[in-house]
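According to my numbering, the sequence shown is numbered sequentially starting from 1.
Working notes, beginning with the structure itself.
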Amino acid sequence: MNTAPSTADPLDVQPSPLALLLLGREADAASERGVDCPGDLPSPSDPDLVARARAAKERLGERVFVLGHHYQRDEVIQFADVTGDSFKLARDAAARPDAEYIVFCGVHFMAESADILTTDDQRVILPDLAAGCSMADMATAEQVAEAWDVLTEAGVAERTVPVSYMNSSADIKAFTGRHGGTICTSSNAERALRWAFGQGEKVLFLPDQHLGRNTAVRDLGLSLEDCVVYNPHKPNGGLTAQQLRDAKMILWRGHCSVHGRFSLESVEDVRARVPGVNVLVHPECRHEVVAAADYVGSTEYIINTLDAAPAGSKWAIGTELNLVRRLANRYAAEGKEIVFLDRTVCFCSTMNRIDLPHLVWTLEALAEGRTVNRITVDPQTEKYAKLALEQMLALP
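Listed below in structure tokens is the structure:
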């Protein structure tokens, strides 16, 4: 057998010119929520970036705690004190009350959650304010308030419990807390829904329709007919009062731009290309993709599953490409073949806005005594958002 290493990318994915824009190598100020960072960033071609980041972090010492989401670039992850999904990182930040600065290498809603869960004396920093989240932005406070009015007019609001995904803004978390609901993650969505149905007859699930539908159908045994999709861009959400009365799951019309790209054709194609492959996908994928997969779970579940997989096993992963690349490299020595589920590039464009120049700029500014890009949540919003987060922590 030929065991010579291949020079080709084992994931068989090549970035296009558009992908270079999405990766933040080009600029399009109007493409994402947020603003440009003030001040001059180091040049991305600066050969001393790694040394500069290391030196600034050493100067800050225990005063800084760097969080790195699984979807971040390797060049950033190497400086993270801890890695994880959004809620794990927010909890990790809360567990470090002595750290003056929490540098969150992730996206805006994650930094908001960290600010809610940390002390008033701590400062949460987002290296690039343009690192938003398209899914979180698909549900605004005004839209959700209008939707609640629609549910009230249909006579179902008092029997409806809101359940909001962690991937939502602080405003949406606060709405959830005000109306007696809970936050969930992709790991505990089933527990959150079972709790919610113990409190009321219906669930308003925000903002990712796919996680809500997949959890309701796969884990709770509801039917697709029990689910309706509320479209905030249509009058009354595009639904009749009777449809709202009949539904058990009212799903917000939102989705992840990364996981939403995967299709049933992606699954069929990889099975044809890689005989014996195990398909492992995130529950933010479309229902038909989840139904066709062999395993479904959160980023932590994906990592743990691959860690426990036997040598020689083959896996196609349906989640963000940075994580898939990292896992493919990590487990190559164990003989595990890990490929990306789709042939086309699927980086998270906003996650990739946090690059090494932004991290260096942030750390050097903090080391010089200048606080940049601080993320703060106003006290009233924080109060109710924290109620919803605490309800999640109290889930049975």
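Where a beta carbon is used, it is the ideal one built from N, C-alpha and C, also for glycine.
From a predicted model like this one, the values you see are computed outputs, not experimental measurements.
In summary, Ser-43 is exposed, with fewer than 16 beta-carbon neighbours lying within 10 Å of its beta-carbon over all protein chains present. For Met-392, the enclosing alpha helix (DSSP H) begins and ends at 379 to 393.
Within the same chain, Phe-205, Gln-209, Gly-212, Arg-213, Cys-227, Val-228, Val-229 and Tyr-230 come within 8 Å of Leu-251 by CB-CB distance, once the 5 residues on both sides are set aside. In this chain, the beta strand (DSSP E) harbouring Ala-316 covers 314 to 318. In the three-state DSSP reduction, Asn-278 falls in the strand class (E or B). Under the three-state reduction of DSSP output, Glu-284 falls in the coil class, being neither helix nor strand. Residue range 160 to 165 is occupied by the beta strand (DSSP E) that includes Tyr-165, with no alpha helix (DSSP H) assigned at that position. Contact check for Val-124 against Thr-160 fails: the beta carbons are separated by 8 Å or more.
When the beta-carbon positions are compared, Ala-316 and Val-279 come within less than 8 Å of each other.
Judged by beta-carbon spacing, Arg-63 lies within the 8 Å limit of Glu-100, meaning their Cβ atoms are closer than that value. The shortest CA-to-CA distance from Asp-246 to any of Leu-222, Gly-260, Ser-257 and Gly-369 is the one to Leu-222.
Under the 8 Å Cβ criterion, the segment 66 to 76 counts as touching the segment 337 to 354, having at least three qualifying pairs. The Cβ atoms of Ile-338 and Val-324 lie closer than 8 Å to each other. Within 10 angstroms of the beta-carbon of Ala-147 lie 16 or more other beta-carbons, which makes it buried.
Looking only at Thr-152, Ala-328 and Val-107, the smallest Cα-Cα distance to Ser-169 is reached by Val-107. In chain order, Arg-261, Phe-262 and Ser-266 place their CB closer than 7 Å to the CB of Asp-342, counting only its own chain and leaving out the 5 sequence neighbours on each side. In the three-state reduction of the DSSP assignment, Arg-178 falls in the helix class. In the three-state reduction of the DSSP assignment, Leu-264 falls in the helix class. Setting aside the 5 residues that flank it on each side, Glu-201 is surrounded in the same chain by Arg-159, each with a C-beta closer than 6 Å to its C-beta; the list follows chain order.
For Tyr-331, the three-state secondary structure derived from DSSP is helix.
The bridge partners DSSP lists for Gly-84 are His-69. Along the length of the segment 191 to 262, whole beta strand (DSSP E) runs at least 3 residues long occupy 202 to 206, 227 to 230 and 249 to 252, reported in chain order.
Around the beta carbon of Pro-127, 16 or more other beta carbons sit within 10 angstroms, so the residue counts as buried. As the crow flies, the alpha-carbon of Phe-347 is around 42 Å from that of Gly-155. Straight across, the Cα-Cα distance linking Thr-240 with Met-249 is about 15 Å.
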